[in-house]
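Student:
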Amino acid sequence: RNLKWIIKCRGDIDTLNAPFLEIYESLIPPEEEKAKQKQLLASLEKLVCKEWPEARLYLYGSCANSFGVSKSDIDVCLAINDADLNKSEVLLKLADILQSDNLQNVQALTRARVPIVKLRDPVTGISCDICINNVLAVVNTKLLRDYAEIDGRLRQLAFIVKHWAKSRRINETYQGTLSSYAYVLMCIHFLQQRRPAILPCLQGIEATYSVTVEDVECAFFDQVENLRNFGSHNKETIAHLVWAFFSYWAYGHDYANSVISVREGSTISKRKKDWTRRVGNDRHLICIEDPFETSHDLGRVVDKFSIRVLRGEFERAAEIMQHDPNPCIKLFEPY
Ligand code: ATP
Ligand code: MG
380 RNLKWIIKCR GDIDTLNAPF LEIYESLIPP EEEKAKQKQL LASLEKLVCK EWPEARLYLY
440 GSCANSFGVS KSDIDVCLAI NDADLNKSEV LLKLADILQS DNLQNVQALT RARVPIVKLR
500 DPVTGISCDI CINNVLAVVN TKLLRDYAEI DGRLRQLAFI VKHWAKSRRI NETYQGTLSS
560 YAYVLMCIHF LQQRRPAILP CLQGIEATYS VTVEDVECAF FDQVENLRNF GSHNKETIAH
620 LVWAFFSYWA YGHDYANSVI SVREGSTISK RKKDWTRRVG NDRHLICIED PFETSHDLGR
680 VVDKFSIRVL RGEFERAAEI MQHDPNPCIK LFEPY
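Here UniProt numbering is used: the first residue of the sequence shown is 380, the next is one more, and so on.
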């Protein structure tokens, strides 16, 4: 490990709290945006129920996990209980229905890793992706939302990290960088690791919520209203946490041997997961275990080129947080 990890934080770090909080607040979606999303969901549900009366629509992703910034697209899951359902056929049928209802840019992507129909609603201006029976995503959405309720610093940190990743164009899985979902898990893991810890490990406490989805048992403690004081012994401010987050990913994380695991509330060894070598396209150059699909490494999209880009960006951000006179501007400069 690099010894730089024990660097001392700049002395004036707390002067950065107000500007970081201002950025955070400017990213929060206004109430009317939430209302429009609900309105769109309701009208989609009406359409869908004409064809499949038993079907239900669920919001998932950032519009439902509380990590959505203003003007995000919404992610919708169509849940149909039908054992011999052909997803492609349903998607094509769905695209037909939506098209004839004047929704714009309707497109069925039946060959994607997660097949979806894309559309844009001309009334609200919202773009939307609809997938089918992706119940695991609905459950991991709940896990993220529950974590966000425990300590407000998670939402602040994750908004800033997502905003940084989007500005620096390293939030593009098709280009070998990480999904928003992966960045939020990195933030949760990081806050579980602070001493005193700011977040608990919800999957390590006796479960109060449990569902089995596609043979995966998803169980965790979800009575988070009882954990509202969990992080109160740790007084670190948002500016300090942003600084420490980037230092951790620049200098502290052991990329060669460690996997971050929100499920365990700690890092675990790559050897234990057998993630030590490339298998097919999975290179395991940065390892982020999915909390439920534990054989799934969210870092698998990262290749030998994009790992350098990513680590370079973590180092750039750490350097700015340590030395730059104006980090709140410099950090988010477009790539
Ligand atoms: P953004 O604000 O950037 O849209 P998001 O949280 O909606 O952020 P997406 O990448 O759109 O992120 O993903 C939507 C949801 O799909 C995630 O919140 C998560 O529930 C699920 N998801 C995304 N990628 C994965 C993945 N690789 N494995 C499992 N679930 C995933
Ligand atoms: Mg999304």
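For glycine and all other residues, C-beta sits at the position ideal for the given N, C-alpha and C.
Out of 691, 672, 619 and 658, point me to the one whose CA is closest to residue 395's CA.
Tutor: Of the candidates 691, 672, 619 and 658, the one whose C-alpha sits nearest the C-alpha of residue 395 is 619.
Student: Does any heavy atom of the ligand MG sit closer than 6 Å to the C-beta of residue 674?
Tutor: No, the beta carbon of residue 674 sits no closer than 6 Å to any heavy atom of the ligand MG.
Student: Would the beta-carbon of residue 669 fall within 7 Å of that of residue 675?
Tutor: Yes, they are a contact pair.
Student: Any idea which residues DSSP pairs residue 599 with across the strands?
Tutor: DSSP output for residue 599 lists 588 as bridge partner(s).
Student: Name the DSSP beta bridge partners of residue 508, please?
Tutor: In the DSSP output, where bridge partners are listed per residue, residue 508 has 454 and 497.
Student: For residue 480 and residue 496, what's the separation of their Cα atoms in angstroms?
Tutor: Residue 480 and residue 496: Cα-Cα distance of roughly 14 Å.
Student: Below 8 Å CB to CB, which residues in the same chain sit around residue 637 once its five sequence neighbours on both sides are set aside?
Tutor: Cβ neighbours of residue 637 beyond the five flanking positions: 646, 647, 648, 649 and 666.
Student: Using only the alpha-carbon positions, how far apart do residue 714 and residue 450 sit?
Tutor: Taking the straight line joining both Cα atoms gives about 21 Å.
Student: Are the beta-carbon atoms of residue 545 and residue 562 separated by less than 7 Å?
Tutor: Their beta carbons are not under 7 Å apart, which means residue 545 does not touch residue 562 by this criterion.
Student: Using only the heavy atoms of the ligand ATP, determine whether one of them is closer than 6 Å to the beta carbon of residue 447.
Tutor: Correct: residue 447 has its Cβ closer than 6 Å to the ligand ATP.
Student: Quick one: give me the first and last residue of the beta strand (DSSP E) that residue 666 is part of.
Tutor: Residue 666 -> beta strand (DSSP E) spans 666-668.
Student: Flag residue 714 as yes if its beta-carbon sits less than 7 Å from any beta-carbon of chain D, otherwise no.
Tutor: Here chain D cannot be found, since the structure has a single protein chain.
Student: Less than 7 Å between the C-beta atoms of residue 707 and residue 398, yes or no?
Tutor: A contact, by the Cβ cut-off of 7 Å.
Student: If we ignore side chains and look at the alpha-carbon of each, how far apart do residue 716 and residue 467 end up?
Tutor: Residue 716 lies beyond the stretch modelled for the chain, which goes from 380 to 714, so this question has no answer here.
Student: Once DSSP output is grouped into helix, strand and coil, what is the label at residue 677?
Tutor: Coil.
Student: Residues near the ligand MG, CB to any non-hydrogen atom under 5 Å, in chain order?
Tutor: Those satisfying the condition are, in chain order, 440, 441 and 454.
Student: In whole angstroms, what is the alpha-carbon distance linking residue 504 and residue 530?
Tutor: Between residue 504 and residue 530, the C-alpha separation is close to 32 Å.
Student: With DSSP collapsed to three states, give me the class of residue 484.
Tutor: Three-state DSSP puts residue 484 in a strand.
Student: Can you tell me whether residue 385 is buried or exposed, with buried defined as 16 or more other CB within 10 angstroms of its CB?
Tutor: So residue 385 ends up on the exposed side.
Student: Using C-beta distances below 6 Å, list every residue in its chain close to residue 640, excluding the 5 sequence neighbours before and after it, in chain order.
Tutor: The residues are 647 and 668.
Student: Count the C-beta pairs between the stretch 411-419 and the stretch 456-473 that are closer than 8 Å, then say yes if the count reaches three, no if not.
Tutor: As far as the Cβ criterion goes, the stretch 411-419 does not touch the stretch 456-473, which means the pair count is below three.
Student: Taking C-alpha atoms, which residue in 621, 591, 551 and 576 lies nearest to residue 686?
Tutor: The candidate whose alpha carbon is nearest that of residue 686 is 551.
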